[in-house]
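Data first, discussion second: the structure below is written as C-alpha cells.
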Amino acid sequence: METIYILNIPNFYSSYYLYGLNKEFNIKFKMDDRFLKYNNRPFLIFKIKDKIGVINNDDPVYFNQNLYDQSDVFFVTNKLLDNPSFKQEKVKPLFPHYPINIVPLYLKLFNFKLLKYLKPRVILKELYTLKRRPGYKDYNVKVEKDNYIFFSSSIWKNELETNTIRAEFIRYCKADDRVEFEGGFIPRSDGENLNFDAELNHVKYPPKLFSSLSKKSKIVLNNAAVWGAVSWRLAEYLNQGLFVLSFPFKIDLPINLEHNQELYAIEESIDFKVVFDKVLNNPDYHTEIALNGKAYFSKYCTPSAQAKQIIKTLLN
C-alpha cells in the first residue's frame, strides 16, 4: 500500500478527504515547515512519490497562489467558472463532499503533535466541531417518503441572490398545502435579518439532527452558497438518495450533474410549482431522479472514490 505523507494539520473542512485517503492508503503525518501557516485552515497538503498535492476547501474568492505555485496539482472544491485564477493549468475540480466526524482518526494521526503545532483552545474547538458532525456512512435509500420538506439556512449579509432564492423556497413550501414544511431562516446574531422576518424559524438544528431531518425530505434545494461555492449539503443529499431541486452551479465539477437525470434544474423560483406538481403527482419520476443522484454519488463522490481519483490525477 502506498504511503501518503500529510504535511499540515487541516481543519474540519478537509475531514472527508482525510478519511478517504486513510481508507485507501497508508497515511503518515510529517509536518513540513513550509506549510506551518496552513495548520488548522481549510487546506489538506500531502505528498506521495515526491509529488505535492493540495486540496483547497477555502471560500472560492480566496485563491491561494502561493500554495498553487508549490503544488504539482491544486485540487479545489469550488472551481469558480468566472474567476481567471481557477483557469490555471494545475487547478483540478473536486466532486461534492461534506465535513464528517473523524475524531478518532484526527487524534491517532496527529496525536501529541497537535500540542506542538496548535494552541489547546484551538484543538478543543476543532474536536468539538468534528464531534458534532455526522460520521460518514453509505446511506440506504428510502424513496417512498411522506410529503415532508425540511429546509433551514443562515442569512448571509452580502449574498442577496442566495438569500432570495432560499426565502422564496421557504415561502413556497409554507404556502403549498400538499406538503408539511419544517425549518426557515436562522436569525442572525446581530439582529439584522434583512427583511426576512416572515421566513425566520427560531429553532437551531445541530448538524446531526439537520442531517436526519434532511433525509426525510421529499424535495431538497441546492443553490450556490457564499461567493458561488457549492453547499456542503449537496453531497449529503446525493448520498441520502434525495430528490435535488437545483439552481445553476457557479463552479465546475469533474463530471456534471445532469438535469432530468441526477437532479432537476431550474433558473427561476416561478418554476417551483412545476417541479412540485411533477414530483408529488408522479412517484416513479421522484424515485428515478433520487436513485440516479445516489448512483452518481456512489460512483464519483464517496471518500474512497475521490481519494483514488485524487492520487491517480496527481501521479499522472
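For the sequence shown, the working numbering assigns the number 615 to the last residue and increments by one with no breaks. All C-beta atoms in this analysis are idealised placements derived from N, C-alpha and C, irrespective of residue type, glycine included.
Residue i and residue j closer than 8 Å at C-beta
i	j	result
L544	L520	yes
V529	P395	yes
M330	K418	no
Y438	V478	no
P553	P341	no
P398	W526	no
I518	F484	no
V574	H585	no
F449	K515	yes
CA nearest to the CA of residue i, picked from the options
i	options	result
V421	S568, N339 and P553	N339
I354	F374, Y397 and L541	F374
N365	D349, K598 and K336	K336
S511	P547, N522 and V440	V440
K607	Y318, F468, L429 and V578	Y318
L379	L556, T586, Q605 and A523	A523
D349	L590, E425, D371 and N492	D371
M621	F449, I347, L306 and W455	In the structure as shown, the chain begins at 300 and stops at 615. Residue 621 is therefore absent and cannot be evaluated.
F548	E557, K322, L541 and F542	E557
S488	K456, R465 and F480	K456
I550	D332, T376 and G352	T376
Cβ-Cβ separation, residue j to residue i (assumed contact under 8 Å), whole Å
i	j	result
Y471	I308	Actually they are not in contact, since the Cβ atoms of Y471 and I308 sit about 43 Å apart, beyond 8 Å.
K593	L537	6 Å
L320	I303	6 Å
Unbroken stretches of the alpha helix (DSSP H), 4 residues or longer, contained in the region 309 to 359 | You should have 314 to 323.
At least 3 beta-carbon pairs within less than 8 Å: the region 428 to 437 vs the region 495 to 503 = Contact between the region 428 to 437 and the region 495 to 503 is absent, because fewer than three Cβ pairs lie under 8 Å.
Quick check: the region 398 to 413 against the region 324 to 340, are there 3 or more CB pairs under 8 Å?
-> Taking 8 Å as the limit for Cβ pairs, the verdict is that the region 324 to 340 does touch the region 398 to 413.
Is the number of C-beta pairs between the region 550 to 565 and the region 457 to 475 that are closer than 8 Å three or more?
-> When Cβ pairs closer than 8 Å are counted between the two stretches, the region 550 to 565 is seen not to touch the region 457 to 475, the count staying below three.
Beta strand (DSSP E) runs wholly inside the region 522 to 565, at least 3 long, in chain order | Counting only runs of at least 3 residues, the region 522 to 565 fully encloses the following beta strand (DSSP E) elements, listed from N- to C-terminal order: 543 to 545.
Ignoring anything shorter than 4 residues or poking outside the region 354 to 400, list the alpha helix (DSSP H) runs there in chain order.
-> The region 354 to 400 contains, as complete alpha helix (DSSP H) runs of 4+ residues, the segments 364 to 369 (chain order).
At which residue ranges does the region 402 to 489 contain complete alpha helix (DSSP H) runs of 4 or more residues, listed in the order of the chain?
-> Listed in chain order, the complete alpha helix (DSSP H) runs (minimum 4 residues) inside the region 402 to 489 are 402 to 409, 412 to 416, 419 to 431 and 459 to 474.
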